[in-house]
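Written below as structure tokens is the structure these notes are about.
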Amino acid sequence: MKRTPGSASKNRYPTTADLTVQNQQMFEKAGCDIEPIELNDIHAEIKFLSKNIDSHAEWDQQVEAMQHLMGLINGGALNNERFQRELPCIYSGCAAAVTNLRSALVKQSCLLISQLARELGNHFDHMGDFVTPLSTQLSHGTQIISESCKFTILCIASNCPSRKVLTSIIDLSAKKGASSKSVAAEAFSKIASTWNLDAFNMIWPKAESAIVKLCSDASPDARSFARDTVHILTEKHPEKAARLISKLDMRTKKAFEDFEYNLPHEEVQTIQKPTRAASVKRESRLRPPTERRKPSAAPQNPHRAIKNNNYRNDNIRSNNRDTYKPSFDDDLDPNDEVQLNFPDENKGKQSCVPTRSNFQHKIKINQMNDEEIIDDTNIRTNKISKASRPTTANDHATKKPTSTEFTNVRQTKTTSARAERPNNTINRPSRAPSASRAEKAPTSKFDNIKKVSPSSRYSRAPSSSRAESVIRNRRKQDDFQEYGEAIIPDEPPKQHYSARRQSLAPSKSARSSKPVSKNTSPTNKGNYTSHTPSKPKIPKYQLQNGQERSFLAGIRKIIDEGETEELSQNLTDVSLGILKCCVHTSPQIQGAAFALLNDFLPPYYEHFQPSLSKLLALLVHAIESNVPRASSTAQLMLNSLPKYYDCNELINICVKQPPNFPILNLLSSLVSMSEAYLSSDHLCLQILQVAFNFHKNIDMKIRHTTAHIIMRIEQANHSAIKQFIDQLSDKNRESFEEFITPYIPDLTFNQSAFDIPQFDPKAAISFRHKISQIMEEANDKEWIDIRSQVYSELNEAMQSRGQEKGTLNLIKNVLQDRGVSEFHRLLPGLLYLSKGSFSPIVNNIFVIIMKDVDVNEFLSSIVQVTTNHPIISFPAIELITRVFATVTPKELIPTFHIVFPLLQKEFSNESPEIRKSVVMCFVEMKMVDNEAAEQFINMLAKSQKKLISVFYTRRCSQSS
Numbered sequence: 000m001k002r003t004p005g006s007a008s009k010n011r012y013p014t015t016a017d018l019t020v021q022n023q024q025m026f027e028k029a030g031c032d033i034e035p036i037e038l039n040d041i042h043a044e045i046k047f048l049s050k051n052i053d054s055h056a057e058w059d060q061q062v063e064a065m066q067h068l069m070g071l072i073n074g075g076a077l078n079n080e081r082f083q084r085e086l087p088c089i090y091s092g093c094a095a096a097v098t099n100l101r102s103a104l105v106k107q108s109c110l111l112i113s114q115l116a117r118e119l120g121n122h123f124d125h126m127g128d129f130v131t132p133l134s135t136q137l138s139h140g141t142q143i144i145s146e147s148c149k150f151t152i153l154c155i156a157s158n159c160p161s162r163k164v165l166t167s168i169i170d171l172s173a174k175k176g177a178s179s180k181s182v183a184a185e186a187f188s189k190i191a192s193t194w195n196l197d198a199f200n201m202i203w204p205k206a207e208s209a210i211v212k213l214c215s216d217a218s219p220d221a222r223s224f225a226r227d228t229v230h231i232l233t234e235k236h237p238e239k240a241a242r243l244i245s246k247l248d249m250r251t252k253k254a255f256e257d258f259e260y261n262l263p264h265e266e267v268q269t270i271q272k273p274t275r276a277a278s279v280k281r282e283s284r285l286r287p288p289t290e291r292r293k294p295s296a297a298p299q300n301p302h303r304a305i306k307n308n309n310y311r312n313d314n315i316r317s318n319n320r321d322t323y324k325p326s327f328d329d330d331l332d333p334n335d336e337v338q339l340n341f342p343d344e345n346k347g348k349q350s351c352v353p354t355r356s357n358f359q360h361k362i363k364i365n366q367m368n369d370e371e372i373i374d375d376t377n378i379r380t381n382k383i384s385k386a387s388r389p390t391t392a393n394d395h396a397t398k399k400p401t402s403t404e405f406t407n408v409r410q411t412k413t414t415s416a417r418a419e420r421p422n423n424t425i426n427r428p429s430r431a432p433s434a435s436r437a438e439k440a441p442t443s444k445f446d447n448i449k450k451v452s453p454s455s456r457y458s459r460a461p462s463s464s465r466a467e468s469v470i471r472n473r474r475k476q477d478d479f480q481e482y483g484e485a486i487i488p489d490e491p492p493k494q495h496y497s498a499r500r501q502s503l504a505p506s507k508s509a510r511s512s513k514p515v516s517k518n519t520s521p522t523n524k525g526n527y528t529s530h531t532p533s534k535p536k537i538p539k540y541q542l543q544n545g546q547e548r549s550f551l552a553g554i555r556k557i558i559d560e561g562e563t564e565e566l567s568q569n570l571t572d573v574s575l576g577i578l579k580c581c582v583h584t585s586p587q588i589q590g591a592a593f594a595l596l597n598d599f600l601p602p603y604y605e606h607f608q609p610s611l612s613k614l615l616a617l618l619v620h621a622i623e624s625n626v627p628r629a630s631s632t633a634q635l636m637l638n639s640l641p642k643y644y645d646c647n648e649l650i651n652i653c654v655k656q657p658p659n660f661p662i663l664n665l666l667s668s669l670v671s672m673s674e675a676y677l678s679s680d681h682l683c684l685q686i687l688q689v690a691f692n693f694h695k696n697i698d699m700k701i702r703h704t705t706a707h708i709i710m711r712i713e714q715a716n717h718s719a720i721k722q723f724i725d726q727l728s729d730k731n732r733e734s735f736e737e738f739i740t741p742y743i744p745d746l747t748f749n750q751s752a753f754d755i756p757q758f759d760p761k762a763a764i765s766f767r768h769k770i771s772q773i774m775e776e777a778n779d780k781e782w783i784d785i786r787s788q789v790y791s792e793l794n795e796a797m798q799s800r801g802q803e804k805g806t807l808n809l810i811k812n813v814l815q816d817r818g819v820s821e822f823h824r825l826l827p828g829l830l831y832l833s834k835g836s837f838s839p840i841v842n843n844i845f846v847i848i849m850k851d852v853d854v855n856e857f858l859s860s861i862v863q864v865t866t867n868h869p870i871i872s873f874p875a876i877e878l879i880t881r882v883f884a885t886v887t888p889k890e891l892i893p894t895f896h897i898v899f900p901l902l903q904k905e906f907s908n909e910s911p912e913i914r915k916s917v918v919m920c921f922v923e924m925k926m927v928d929n930e931a932a933e934q935f936i937n938m939l940a941k942s943q944k945k946l947i948s949v950f951y952t953r954r955c956s957q958s959s
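First residue of the sequence shown: 0, per numbering that gives the first Met the number 0; consecutive thereafter.
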């Protein structure tokens, strides 16, 4: 039978390119096709994984164990701190598996490593160095082996920003072989597009050298990816790109000829312009003519002409004789239109001041070619005006320069590693700096930083007495307030210019708002000087409009130098300024502001405590804005919030925020913490409502995160799940059941078949009999559904006089037979009876609970119950003290921050009995670990610390 073209296309074998695309898609979604597995016994799981993911195990056992681990990861196992801490035990087995010759084992191990890299993020480097063993298989002849290792390395580079990973990629680029260099170059492109490179400034020079070598490598793939990396850097990190391009050889630089035309306007630029003939008084200050730079018709290197944003100032008229450094506005848009004044050559011979109406043209800056950029720069320089003087014969004899005679030379200066932008410098004609102008330079507002003389850094124009009369800009004075040259030493101070032409002889009609008085000194006879009226004093660290870059660079310099004493006294102004910069329209300013906030938060986190809700909303907004540097830094800050703030406070804030992915991920981390108080039904219902919004999301990672939150609440407070299900409509209940059943198969959605009796003091014996009967008849699933109601009634029974002993014995039997889950519902009654004649039975119950419960969870439950029931404060603190005296110190040190808020609050209680119990509890903390306890005790008042010290000394003498 003759085959048709259609049948041939259907039966054709996949090409190598097709297989590559399939493999890439498979590794991008590594683990998504595996069913989630709930983590039950951490010790047993770790033991199983370490035994089977080992080089001595059979390859099929290793594959099965790896798939099991991927299912545990999908089930939220990595959210358990203990599991994540012990997981590196599989490193040796995984490293041996990726170097195996069996393709199935290599593929499965690479999929596992890719999933771990995606889930762990910057914590992946704790697992070990996987890049080195993976690189040994990059040149393997089997496609699935080589591509599995390649896509795994790229996945690590994309998702794991850390110093160790970057070092491994640098080492990979130095290996021989085209495949290794090609993968390293592609990894660098992933790093440049996804990482916050400002956090790796110490090691970046090594990466820079590696990229430079790859740009001229013999392998075309390596060259292509390396040059892609440079192009990415030009958009996100132009400073790093400029330094990198400067190290390339001339042949390679041709591929980046257009780079400098796309740089932001902050790049350094120098404009040199011929000047008019100098007066006799200034001849001594001028350099010899042979030393001056001759004007040229075009830049020395036309490719280095930099396309700047225009700076709108239509009110300033032009004088071609002298130029001043224009004021720079950081917030202008490069697409704005500019009014440019072009001098009329015919009228220029007759009048020194051309009229504005004769030559106005609108030019789009981003449409200029090289010559137009040069002309535009010169024209904008001409727009800065000086005070004029009467025309003399020498002036007419002086040749008037044209715009093509100006030279545009780019001058690059080295800035600090954390500076946000390069600095702008406009060179004046070849003259020595004027002493009078140097004296008038604005001083730094940061008095605690060593001042830098402006004359030693910038080439300034001489200022004659005539040129110093009444120079002022029409823009608001506040827009030009500087934080001083000590903040950004390489940036010349900005000057103000008059929008009106001033004549030599002052007249009432020509005077500006500044009063002008005649200087009658012997050296300046007949000259006029301006006197600035007194202005209101500006706070030292307050952000001024338009000075965001100077403000951020100044605070950054102070933090880097460690001079933070004065910052701590001005936290309000500094923090407010940083937060304002975080919502700036410029992505560069946003990125620098969030990087500074990330360094500013750890030492001063208490200052942000009252505004924690607003801080959280700001971080979430930055993450969702997708501004590269700002969003990545904001994500790091969001993940670090639980280190500085109480997790329960963060949970209460999160549930009040609009539901979004960052809040969901943060909630997933918070509910996994042992000190999270999930016994509150109201709080759990709020958390479940946030998670319910994402249960239909198509992203598997989001679905896993949602399921993890629900599973954690189900373990801690099953009754809250039942209440939440009862509140759902029939349609939502069906969709929720379909979603959660694979994760919690035992969860029932039907009403309980048991009728729980309510406690009645008059029928206490009948009540206990019915509870005992329910315990015997209910199976495990039914008991879980009714457990919270039974415990609530038993708690009421314990607080009824005459029925305490029988109720306590019943509770003891229940906990022994059915487990201690949701024990927090019994704590109010148990603590209430712990100091009476029933204390032996109560102590036995506490021992049963502590055998099956982590000490962190036990103490956290006590603290939360005591907060809601102040009447049991004394027995609760006594119980905490006994726990500190009996449990091993290694387990207790992490609990200090859990109990400290309660102890600090009760230290001010009116009852002397409670205050004494607090002191004794602090003494036991010092006995556990004196150094760790002192960190918390130092936060107390001086008298409280002295009291603790007295009792601690007495306790130590008794022990010895």
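Note that beta-carbon positions come from the ideal geometry of N, C-alpha and C, so glycine has one too.
Nothing here was measured: the structure is a model prediction, and the numbers come from that model.
Alpha carbon to alpha carbon, what distance is there between residue j and residue i?
i, j, result
"leucine 878", "serine 860", "12 angstroms"
"isoleucine 697", "isoleucine 72", "18 angstroms"
"asparagine 812", "alanine 592", "59 angstroms"
"threonine 584", "isoleucine 554", "20 angstroms"
"alanine 777", "threonine 166", "59 angstroms"
"serine 771", "asparagine 843", "20 angstroms"
"isoleucine 372", "isoleucine 622", "Because isoleucine 372 sits at a pLDDT of 40, beneath the cut-off of 50, its placement in the model cannot be relied upon, and the following sentence gives the value as read from the coordinates. Distance between the alpha carbons of isoleucine 372 and isoleucine 622: 37 angstroms."
"arginine 101", "glutamine 60", "13 angstroms"
"threonine 131", "proline 586", "36 angstroms"
"serine 181", "lysine 174", "11 angstroms"
"proline 263", "phenylalanine 224", "Only weak support exists for where proline 263 lies, its pLDDT of 42 falling under 50; the value from the coordinates is given anyway. Taking the straight line joining both Cα atoms gives about 24 angstroms."
"glutamine 714", "tyrosine 831", "26 angstroms"
Write down the C-beta distance between residue i and residue j rounded to the nearest angstrom, noting that I regard them as a contact closer than 8 angstroms.
i, j, result
"tryptophan 782", "arginine 824", "That belief does not hold up - the Cβ atoms of tryptophan 782 and arginine 824 are roughly 14 angstroms apart, past 8 angstroms."
"isoleucine 701", "serine 667", "Actually they do not touch by this definition, with Cβ atoms about 10 angstroms apart."
"isoleucine 41", "asparagine 79", "7 angstroms"
"cysteine 920", "leucine 902", "6 angstroms"
Quick one: give me the first and last residue of the alpha helix (DSSP H) that residue i is part of.
i, result
"glycine 805", "803–817"
"methionine 710", "699–715"
"glycine 553", "547–560"
"phenylalanine 691", "680–691"
"glutamate 648", "646–653"
"tryptophan 203", "203–214"
"threonine 740", "Looking at the DSSP string, threonine 740 is not in any alpha helix (DSSP H), and its letter there is neither H nor E."
"tryptophan 194", "Segment: none, tryptophan 194 is in no alpha helix (DSSP H) and carries neither H nor E."
"glutamine 107", "102–119"
"lysine 149", "142–158"
Who are the near neighbours of residue i in its chain, counting only those whose CB is closer than 8 angstroms to its CB and skipping five residues on each side?
i, result
"phenylalanine 873", "Lys834, Ser910, Glu912, Ile913, Ser916"
"lysine 239", "Leu196, Trp203, Glu207, Leu232"
"isoleucine 947", "Val918, Phe921, Val922, Lys925, Ile936, Leu939"
"leucine 243", "Glu207, Ile210, Val211, Val229, Leu232"
"cysteine 581", "Gln589, Ala592, Phe593, Leu596, Leu617, Ala621, Ala629"
To which residues of the same chain is residue i closer than 7 angstroms at the C-beta, ignoring the five residues directly before and after it?
i, result
"isoleucine 89", "Leu48, Ser49, Ile52"
"cysteine 974", "Residue 974 lies beyond the residue range present for the chain, which begins at 0 and ends at 959; the question has no answer from this structure."
"serine 624", "Ser630"
"leucine 68", "Leu48, Leu111"
Return the chain-ordered list of same chain residues with a C-beta closer than 6 angstroms to the C-beta of residue i, the five sequence neighbours on each side being excluded.
i, result
"alanine 95", "Ser54"
Measuring only from the beta carbon, is residue i closer than 6 angstroms to any heavy atom that is part of the ligand ADP?
i, result
"glutamine 722", "With respect to small molecules bound, the structure shown includes none, and the ligand ADP cannot be examined in it."
- Okay, do the region 207–215 and the region 246–257 touch, 3+ Cβ pairs below 8 angstroms being the bar? yes
- Are three or more beta carbon pairs between the region 176–186 and the region 133–153 nearer than 8 angstroms? yes
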